[in-house]
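Colleague:
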Amino acid sequence: MAEPTHAVEPLPLHDGKTTVVSIISSSAAVLAACSCCILPMVLVAAGLSASLSSVLAPLGSLHWPMTAFSMIAVAASWLIVLRKYRHKSHCHSRAAVKWLKNRQIILLLVATVMSFIAAAWGYFEPTLMKAFM
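Residue numbers for the sequence shown follow the numbering used here, so the first one is 16 and each next one is one higher.
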């Protein structure tokens, strides 16, 4: 079967506004998840002031709202990116390789992993607490 002759354009990077929101929200969700217990211990172990951790402590109560917002932002970003990509690619066989090399896709993958870490923080925290004690 012959491959189509039309070129497949990568996703434009300037259309990544939702990706930026996803990265920021998933980072905030992870920060909120670890701000009550692990983060103060890591900051003190790294030689940073414990007062910085007291500034971040109120974020702990925002863990679930930030995680929910992060999940919604990441899902919306994936929908937007996949719709644009599907519209442009026309199922070209080499398009998947270009798609995985796109910075926007890599950032969305990172945001997705961070959102899942924030959501599953309750499973990670006891092990991390034991490691730092």
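No residue lacks a Cβ here, since even glycine has one placed at the ideal position from N, Cα and C.
Predicted model, so just to flag it, every value in this text is computed and none were measured.
Kindly indicate which residue of THR142, ILE39, TYR138, LEU124 has the alpha-carbon position closest to the one of MET81.
Modeller: By one-based count along the sequence shown, residue 81 stands at place 66. With distances taken between Cα atoms, MET81 lies closest to ILE39.
Colleague: By how many angstroms is the C-alpha of THR33 removed from the C-alpha of ALA135?
Modeller: On the sequence shown, residue 135 is found 120 positions in, with the first residue counted as 1. On the sequence shown, residue 33 is found 18 positions in, with the first residue counted as 1. One C-alpha to the other measures close to 23 Å.
Colleague: Whole-angstrom Cβ separation of LEU46 and VAL89, contact assumed at under 8 Å?
Modeller: Start at 1 with the first residue of the sequence shown, and residue 46 comes out as number 31. Start at 1 with the first residue of the sequence shown, and residue 89 comes out as number 74. At roughly 16 Å, the Cβ-Cβ gap does not stay under 8 Å, so LEU46 and VAL89 are not in contact.
Colleague: Here's a check: name, in chain order, each residue in its chain whose Cβ is nearer than 6 Å to the Cβ of MET86, leaving out the five neighbours to either side.
Modeller: Taking the sequence shown and counting its residues from 1, the one referred to as residue 86 is at position 71. Cβ within range, chain order: SER130.
Colleague: For LEU50, which residues of its own chain have a beta-carbon under 7 Å away from its beta-carbon, when the five flanking residues on both sides are left out?
Modeller: In the sequence shown, counting from the first residue as 1, residue 50 sits at position 35. This sequence places Ser at residue 50; Leu is not what is there. Around SER50: LEU71, ALA72, LEU74, GLY75.
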